[in-house]
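Working notes for the structure below.
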Amino acid sequence: MPELPEVETVARQLRPCLVERTVLRFRIHDPRLRNGKTPSVAGKSIVRVTRSGKRVLIEFASANRTAKPLWLAVHLRMTGRLTWAAESARIDRSHLRASFRLDRGSLLFIDTRRFGTFDWYRSRERAAPSGTDPLSDEFTRRKLAELTGGARQNVKAWLLRQDRLVGLGNIYVSEILHAARISPFRIAASLDRAELARLHGWIRRILERAIDNCGTTFSDFQDARGLEGSYQQFLAVYSREGQACPRCAEPILREVQQQRSTFHCVGCQK
DNA sequence: ACCCTCCTGTCA
DNA sequence: TGACAGGAGGGT
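Here the first sequence stands for residues 9 to 278, where the numbers follow the working numbering.
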């Protein structure tokens, strides 16, 4: 479920809870958790919590700073949640897969479908994704034109590629293409200058607006406080098959592309 | 481009 | 009961 805005929301909320706290104990509650080799993390303190593509990146340092730092990348996939549980908080622990006990509370990883992953790294570079972050300064119109140049895929599939742009998923791609008035079936490399400019602008605007709303809760998403996002009230097309397009009133269509639902409007997406 | 897999839950 | 779900990786 979580795409860039949801992951950014979680990282921002966890930061004040986790930074400068010491890990007292790390436990894996589910032996089937997709976890890399587990280094010893007890006794280390958390120095940074950031977002890297769709992953939450947690940096640990040893208390005396002699040992090498350590990075954990958590990918939430479809139903993963990272929840901060203060000492007194009562939290439903069903589907609890892993937990970090800290000074004054716990970080819980809860994941019904078990698709979520933990990956541990010894350097930040290795934890970094290959694609461009659409919220970074690097993501300019020119960069988008460069990246799409020569891409023979349809633009829906292309936007989902994490090796080009990171962070977009099924919901926001439908929303962005609708806002930019571009059909999801267009070949990425065929977009002209004006279309690329609209696409670039709406990628930024929609992601930022979604972050301002703590993401979208379509069914499962909860942020680090256990609360739902509120961007779903702004969804123009996603999951709105048959309803009137808010721009031109044509009925919204649902079609399957690459085995995934795409929602779009033939009235205004060309 | 298509297919399938991982896994669990919910809804028509 | 079957279709479908914010992801991603594999195969042909």
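The beta-carbon is built from N, C-alpha and C at its ideal position, and this holds for glycine as well.
Quick one: what's got a C-beta closer than 6 Å to Glu203's C-beta in the same chain, skipping five residues either side? Cβ neighbours of Glu203 beyond the five flanking positions: Ile190.
DSSP on Ile260, reduced to helix/strand/coil? In the three-state DSSP reduction, Ile260 falls in the coil class, being neither helix nor strand.
Per-residue DSSP class, three states only, for Arg63: It is a strand residue.
Within this structure, are the beta carbons of Leu110 and Thr91 separated by less than 8 Å? No, they are not a contact pair.
Which whole runs of the alpha helix (DSSP H) in the stretch 53-117 are 4 residues long or more, in chain order? Correct list: empty.
What's the gap between the Cα of Gln170 and the Cα of Gln241? Cα to Cα, Gln170 sits roughly 26 Å from Gln241.
Tell me the DSSP secondary structure of Ser191 in three-state form. In the three-state scheme derived from DSSP, where H, G and I count as helix and E and B as strand, Ser191 is classed as coil.
For Val264, count neighbouring Cβ atoms within 10 angstroms of its own Cβ and tell me buried if that reaches 16, exposed if not. Exposed.
Identity of the residues DSSP links to Arg40 by a beta bridge: In DSSP, Arg40 forms no bridge with anything.
Which value, in whole angstroms, describes the spacing of the CA atoms of Arg233 and Gln21? Roughly 8 Å between the two C-alpha positions.
Can you give the Cα-Cα distance for Glu154 and Ala196, rounded to whole angstroms? Going from the Cα of Glu154 to the Cα of Ala196 covers about 11 Å.
With a threshold of 16 other CB atoms inside 10 Å of the CB of Ala188, please say whether the residue is buried or exposed. Buried.
Taking 7 Å as the cut-off, is the beta-carbon of Ser70 closer than that to any non-hydrogen atom of the ligand COA? Ligands in the displayed structure: none, and consequently the ligand COA is not present.
What are the boundary residues of the beta strand (DSSP E) that includes Arg268? Counting along the chain, the unbroken beta strand (DSSP E) around Arg268 starts and ends at Arg268 to His272.
In this structure, how does DSSP classify Gln277 when only helix, strand and coil are distinguished? Gln277 falls in the coil class under three-state DSSP.
Thinking just about the alpha-carbon of each residue, which of Arg212, Cys276 and Ile66 is nearest to the one in Arg132? Ranking Arg212, Cys276 and Ile66 by Cα distance to Arg132 puts Ile66 first.
On the DSSP letters alone, give me the boundaries of the alpha helix (DSSP H) that Asp4 sits inside. The structure shown does not extend to residue 4, since the chain is modelled only from 9 through 278, so no value can be given for it.
Anyone know if the C-beta pair for Arg105 and Leu41 falls short of 8 Å? Taking 8 Å as the Cβ cut-off, Arg105 and Leu41 qualify as a contacting pair.
Supposed close pair Arg63, Gly124 - CB separation, criterion 8 Å: Actually they are not in contact, since the Cβ atoms of Arg63 and Gly124 sit about 10 Å apart, beyond 8 Å.
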